[in-house]
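In my numbering, the protein residues as written are 2 to 195.
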């Protein structure tokens with residue numbers, strides 16, 4: 002795979018000023034971003050989150066998942082430390098795309114869980130690809146991460162890419178009536194540490 006860096010710009014938020022960086026996967030024309038604060042190349046592990054795009058949770062404030070709340074929490078924690086990065090990967094619906102995610106939601110409305118819905122649509126439970134992370138870390142001269150995650154698949158991906166991991170930082174969001182089943186499926190069927 003080949004990737005390239007595109008551009009960076011200031012990103013003022015309610016948590017402080019971040020920098021937004023654009024990257025591109027040249028093989029499939031997919032665009033990704035990272036959101037950083039502080040000097041990422043300085044000594045010591047960098048607090049980080051790998052966050053897959055979730056239009057419904059991140060921008061439309063859906064309570065069906067914990068994605069938007071996890072993104073907000075990661076921005077807040079990085080701002081508190083004044084150093085860190087969110088790798089925001091454009092992989093809607095665990096890699097099945099927005100329209101297929103809507104189809105999966107319809108199946109969930111009719112009794113399927115999130116894993117069953119993806120399988121019924123002919124997809125794997127999780128189709129995400131993390132290969133651009135190595136390029137992003139190298140771009141920022143990051144030598145080691147403290148990764149905010151509950152997902153063992155992300156830990157495995159980091160290890161397979163040869164990125165040093167010093168710590169898994171638990172990243173739990175309280176369940177509500179709308180996402181409690183979703184969170185249970187993540188724990189029981191996908192091995193999330195929640």
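Glycine included, C-beta positions come from ideal geometry on N, C-alpha and C. Note that the structure is predicted; figures quoted are calculated from it, not measured.
Within its own chain, the residues whose Cβ lies closer than 7 Å to the Cβ of residue 59, once the five positions on either side in sequence are excluded, are 68, 69, 72, listed in chain order. For the alpha helix (DSSP H) assignment, the uninterrupted runs of no fewer than 4 residues enclosed by the region 35-119 are, from N- to C-terminal side, 68-82, 93-96, 99-110. Taking 7 Å as the cut-off, the Cβ atoms of residue 134 and residue 148 do not count as close. Closest in C-alpha terms to residue 48, from the list 99, 86, 42, comes 86.
Under the three-state reduction of DSSP output, residue 26 falls in the strand class. In this structure, DSSP gives residue 138 a helical state, which the three-state scheme calls helix. DSSP, reduced to helix, strand and coil, places residue 182 within a helical segment of the structure shown. For the 7 Å CB-CB criterion, residue 179 and residue 150 do not form a contact.
Under the three-state reduction of DSSP output, residue 147 falls in the strand class. In terms of Cβ geometry, residue 34 and residue 106 do not form a close pair [threshold 7 Å]. The Cβ-Cβ distance between residue 96 and residue 128 falls below 7 Å. Bridge pairing for residue 13: 18 [DSSP]. Boundaries cannot be given for residue 162, as no beta strand (DSSP E) includes it and DSSP labels it neither H nor E. When C-alpha distances from residue 55 are compared across 82, 42, 103, 76, the shortest belongs to 103.
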